[in-house]
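Some notes on the structure that comes next.
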Amino acid sequence: MVLALWLFASPSGAQATPPVRNTVVLDAAFDKAQKHLRGTAQWTITNDTGTTLHQLPFWLYPNRLAHPGAGLADCEAPWIYPQGNSRGRMDITDFDNGEQRDTPSPGLRYDAMPVPGTPRNAERMIVYVPLADPLAPGAQAEITLHFTTEIPVRRARFGRFRGAVTLADGWYPRPLTDLTGRATALPPAPIDAQVSVRLPPKTAGLLVDIIHEAQANPQTLAAQFTDIDELLLATSSRGHRHTETTAGIRWAFFSATHLPREPNPDEPAPETTRRAPDVASPSHGVRNIGRTDRLTRIRTTLHSAVDALRDLAPTLPLPRSLTIVEAPLRDRLVQRSGDVLLVSDHLYQLAPFEPLLRRHDAALATELLTALVYPALRRTESPVDAALFAEVIADVALRQHLKKSQQPIHSLQRTLGFAAFVPFVDSLLYAPQIPFEGTYSHQREVPDPLRDAVNRFMNTLPNGRRIAAKYEDILGDEAVVNGLGLCLAAKVSCAETLDGALGDFRKTFRAQWFGPHPVVAYRIAETAQTPQPNEGFLHRITVERLGDDIAEPVTVRLIDKTGAQTELQWAGEGQRGTVTWISPGPLRRAVLDPNERLHETPSLTSGHPRADNDTALPLRPPLLTRLLLWFDSVALDPTIDVAFALRRKYDIAQAWHLSATYSPRTIGGNLSYLRYFGAKSTLNDKTAWAGPELSLRYHRPVDAGDIGALHPSPGAWVTTWGVAAGTNTRQYFFDPQKGRAIHAWLGWGAGRFDDGQRVLYGQTSLRFARVISPAIGHTLAATAGIDALTGTVPHASLITLSHRAALRGFDVHEIYGRAAAFAVLEYRHTLLSRTAISMPLRTRLDRLQGVAFAAAGTASHPTDYAGLFASDRIFAEAGYGLRLHWLLFGALPYLMAVDVAVPFWPHDRSFVVATENGDKRHHRAPVRWVFGVTQAF
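With the working numbering applied, the sequence shown covers -6 to 930.
Following this line, the structure appears as structure tokens:
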């Protein structure tokens, strides 16, 4: 609210009197391991508040990283924090307020993260430094703060990983924009800075746009900056750069993650950067990664960005230089730090599929456009509007350029719909659990779970893509393009230009969209059609909005049975609205928001928020929900389990499931219909389900020797029917960090043995699972189960604990019974992260996980229920396994597993088999290797 009031009270255009900038002299040094940065910040601060101050507030940005994983989903935490809980921190070790110098304990006061900053649980975010004397309005004070910054192992814009350090500002204490400490949501104001940072030996470094390559001896990054937003600091033990000129812009590419190719001595010496003429630039050092020439794509994308801006504003002056820094980032592919672009080292190492790579190009082009237009907007807009409207212009200019060149970026539904049967693709379309989700989203609301930027973590400012869409919805695409072009040509405020076109709606528009997104959802409430006297039908479609009372245009596409269609718009005033259409035939389909421009809040609906936006949801392609494969080193007989689901698009309330299984004991299939209910775990699933199941299986013959004293059992065809119910709050299949699951099944089986005898039995099963994560990279998982059956049953259908979800080290036919119980405890921990191991299709081993496990169980005798918990019917094992977490195409998670299990109870596992030559004793393998493509839950 404070930010909104400030926005409305401040003129959007530049102020007549430029604000007085605070000045800082920074002197800092890294330790040898680059885990800490220690230094002093000598601030000269002018009181511009109009009131006398007795203390000055400073942001301590790294303290927001004291609780790793805050606000992150299970799948995101290991991507951002590859080595587990690694905390960031900033301590003020001493201060000097001009008259006295003392230890900080008696004089400093700290505040936690103010609302609406993120994360909400961050402590010691603001430090208040006392002044020796009251500071009158317009007066200056000098404050020196001695600080120590602890840098977390973190793949984001503030962190370190594998010898590369990225600190996109925030590494030094910085004063709040409102020196009274009340308007904490205001982004930091530009500053003047004199900076000196000492680097360890053999370390390359970058300070904003000044690049120093590695030297054998320690070196110092030193520079003076005027009117700068952020002081980006990046170092690397492998850092190097490339420079060239494209479309009249001199740009430098600093890579902190890849070794350069040795330069060709026959090639002429390359040019150097404008800001660092003393440093050589290997012109071919970072050309090829895999099969993608990333420098060529960057060069081409920069050309496109300049062309797009020239189309919109031909006379707009462009910056003469640009710096692009490659760093280990996993939150966003491209982001801006002041006038510098940060790109992920995965920018062109993902998905060698041109339609997806064009999305990477678009992400880069958007940020390039933002960086190109931002310097001009700083002269015409308020500080907040300058950053925001640079994003607005970038979004509009790029889409117009793609439209003009007839190269639109299609939705993922259109791009990847042919492969929607693949779970990765289905998840990407409906509930993404991948890095860089925002790059692949067609929504106008860009996900930003970290809100890491130093101008966004303390507020709820929107992204420019949202604001551009809302201006277009009200004013129209052409009016927005023309308005932005005119204001850039005339060098006047773009915010004032577009807001002026809104008229009286301006204030409501800013209150509605320049903050957190309104909590809303839409649905088609009613449809009605009336035959007309002459011919045709009158269709009335009622649209309802749930949640906040806002005014937002909503498009409805109508299609009748003759193929005629139209798009109508409800202005969005009130909670309900109706659109009407006269068409030749009856209504076939009504689709709300067909272009997916609206952002709907999932919490307002029981299912997917778009499920009630369509009166005739189409079927999805059959979805491969399960593909499990495992086998052991003794039997070498695999178990294969494949399952498909049939459901409608966006429908998570019901599904048909079809599965097929091949195992050493049975072969067959299963058909089930499940209803889903309870809370949503993702936009593609709910936490509870129940429904009937029907299966047909052939149970293989069993020899007497396989199960001890039993007589041989013939094979049998068996039909089973039953009811399943369960709940599961675990969200990330490949490596859940928290949650629990319960699964119950009750069924009956009937059939015939191969010798004609009847099969008739009943069976029940109950499973429990619990996962907790005391720290990122460390997980405890417990699984337990109870099974029982009664009746005449094939021996191959007897309950066994010899499977991967229970006791992995025992032979397949070693543990049979009519009742059984087991428990498994696993400790999963990350061993390695981001290895150099690569496979075809851009597949990389992202993480190597170790699993220590122990399991125990008991089973009754095969003929009755006796023997449970008897010493000779108790089985126990321990072992260790590896989980290889791959990223297929560099982004889609995939898992391979190998376990070695050692049974230690009972001590004697030998058995006797009667043969023609008498009884013969056999000894079972003392150790068993188990291979699979799934996590044992």
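Ideal placement from N, C-alpha and C gives every residue a C-beta, glycine not left out. Note that the coordinates shown come from a computational prediction; the quantities given were computed from them, not determined experimentally.
Quiz item: Near residue 282, what residues of its chain come up, given a Cβ to Cβ distance below 6 Å and the 5 sequence neighbours on each side ignored?
Solution: Since pLDDT at residue 282 reaches only 37, below the 50 mark, its modelled position is unreliable, and no value is offered.
Practice problem: Classify residue 652 as helix, strand or coil using the three-state DSSP reduction. | Solution: strand
Quiz prompt | Closest Cα partner of residue 540 within the set 513, 360, 532 and 18 | solution = 513
Quiz item: Can you list, in chain order, the residues of its chain whose CB lies under 6 Å from that of residue 357, leaving out five sequence neighbours each side?
Solution: 294 and 327
Quiz item: Leaving out the 5 sequence neighbours to the left and right, which residues in its chain are closer than 6 Å to residue 611 when beta-carbon positions are compared?
Solution: 642
Quiz item: Start and end of the alpha helix (DSSP H) containing residue 462?
Solution: 457 to 468
Quiz item: Given 8 Å as the limit, is there contact between the segment 130 to 147 and the segment 31 to 48, that is, 3 or more CB pairs closer than that?
Solution: yes
Self-check item: Helix, strand or coil at residue 258 [DSSP, three-state]
Solution: Any reading at residue 258 must be qualified, since the residue scores a pLDDT of 36, below 50, and its modelled position is unreliable; no value is offered.
Quiz item: What is the residue span of the alpha helix (DSSP H) that residue 490 lies within?
Solution: 487 to 495
Quiz item: residue 772 by DSSP, collapsed to three states: which one?
Solution: strand
Practice problem: Determine the contact status of residue 168 and residue 56, defining contact as a CB-CB distance below 8 Å. | Solution: No, the Cβ-Cβ distance between residue 168 and residue 56 is not below 8 Å.
Self-check item: residue 215 versus residue 40: straight-line alpha-carbon distance, rounded
Solution: 28 Å
Quiz item: Are residue 384 and residue 456 touching if we call contact CB-CB under 8 Å?
Solution: Cβ distance < 8 Å, so residue 384 and residue 456 count as in contact.
Exercise. Measure from the alpha carbon of residue 879 to the alpha carbon of each residue in 836, 899 and 844, then state which is nearest.
Key: 836
Self-check item: Beta bridge counterpart(s) of residue 185 as assigned by DSSP
Solution: 16
Quiz item: Quick one, are the C-beta atoms of residue 570 and residue 546 less than 8 Å apart?
Solution: Contact check for residue 570 against residue 546 fails: the beta carbons are separated by 8 Å or more.
Practice problem: With DSSP as the reference, label residue 873 as helix, strand or coil. | Solution: Collapsing the DSSP output to three states places residue 873 in a strand.
Self-check item: Extent of the continuous alpha helix (DSSP H) to which residue 347 belongs
Solution: 347 to 370
Quiz item: Where residue 554 and residue 587 are concerned, what is the direct C-alpha to C-alpha distance, given to the nearest angstrom?
Solution: 18 Å
Quiz item: Which residue from 197, 758, 482 and 542 puts its Cα closest to that of residue 741?
Solution: It is 758.
Quiz prompt | Limits of the unbroken alpha helix (DSSP H) element including residue 230 | solution = First-last for residue 230: undefined, no H or E at that position.
Exercise. Less than 8 Å between the CB atoms is what I'm expecting for residue 635 and residue 619, so what's the real figure, rounded?
Key: 6 Å
Exercise. Grab the span of the alpha helix (DSSP H) containing residue 505 for me, first residue to last.
Key: 499 to 506
Quiz item: Between residue 719 and residue 737, is the Cβ-Cβ spacing less than 8 Å?
Solution: With contacts defined by Cβ atoms closer than 8 Å, residue 719 and residue 737 form a contacting pair.
Quiz item: What number of angstroms, rounded off, separates the C-alpha of residue 249 from the C-alpha of residue 775?
Solution: 41 Å
Practice problem: Express the C-alpha separation of residue 807 and residue 700 in angstroms, rounding to a whole number. | Solution: Low local confidence applies: a pLDDT of 46 at residue 700 is under 50, so the model's placement there is unreliable, with the coordinate-based value given in what follows. A direct Cα-to-Cα measurement between residue 700 and residue 807 gives close to 6 Å.
Exercise. Tell whether a beta-carbon distance below 8 Å holds between residue 42 and residue 170.
Key: no
Self-check item: Beta carbon of residue 473 nearer than 8 Å to that of residue 454
Solution: no
Self-check item: Opening and closing residue of the beta strand (DSSP E) in which residue 537 lies
Solution: 530 to 540
Quiz prompt | C-alpha gap between residue 516 and residue 603, whole angstroms | solution = Roughly 8 Å separates the two Cα atoms.
Quiz item: What does residue 331 pair with, by DSSP beta-bridge criteria?
Solution: Answer is none; residue 331 lacks a bridge partner.
Practice problem: Check residue 484 in the structure and name its three-state DSSP category. | Solution: Correct three-state label for residue 484: coil.
Quiz item: Does the Cβ of residue 38 have 16 or more other Cβ atoms within 10 Å, making it buried, or fewer, making it exposed?
Solution: buried
Quiz item: First and last residue of the beta strand (DSSP E) that includes residue 248?
Solution: 242 to 248
Practice problem: Closer than 7 Å by C-beta to residue 82: which residues in its own chain qualify, once you throw out the five before and the five after it? Chain order, please. | Solution: 55, 56, 59 and 143
Quiz item: So is residue 308 buried or exposed if we call it buried at 16+ other beta carbons inside 10 Å?
Solution: exposed
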